[in-house]
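For reference, the structure is listed below as structure tokens.
This is the structure:
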């Protein structure tokens, strides 16, 4: 069966036209950790990140940008996360959860 045209794969910068059903309602940035992660993503990716279920790779992310985000978080917030932790759940919510667990708790005397 001859092909009339070649199939086209999505390019890395393409954002899907529709969201998956589980994110259709949207997830607001409710925690401080989620806002910190979203701000870092926005700075590195050059696009506004407003949903905790946004996937890093669907927003034109790649491994070098992931390292930049981790370096940004380490420099700005004194928290180091591994690249494995980033790739395990590449969403704002996933990284924010890991960040909240690693961040030192601030007390009145610190």
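Residue numbers (my numbering): 1201 to 1310.
Quick reminder that beta carbons are idealized off the backbone N, C-alpha and C, glycines included.
Here the structure is a predicted model, which means the values were calculated and not measured.
Residue 1259 and residue 1281 closer than 7 Å at C-beta: no
Cβ-based burial, residue 1299 [other Cβ within 10 Å; buried from 16]: buried
Environment of residue 1237 [buried if 16+ CB atoms lie within 10 Å]: buried
Where the alpha helix (DSSP H) containing residue 1297 begins and where it ends: 1292 to 1302
Candidates 1279, 1269 and 1253, of which the one nearest residue 1243 by Cα: 1269
Nearest candidate by alpha-carbon position, reference residue 1296, set 1257, 1233 and 1227: 1233
Residue 1217 classed as buried or exposed, judged by whether at least 16 other C-beta atoms fall within 10 angstroms: At residue 1217 the pLDDT is 49, less than 50, meaning the model places this residue with poor confidence; the figure from the coordinates comes in the next sentence. By the 10 Å Cβ count, residue 1217 comes out exposed.
Limits of the alpha helix (DSSP H) - the one that residue 1272 falls within: 1263 to 1277
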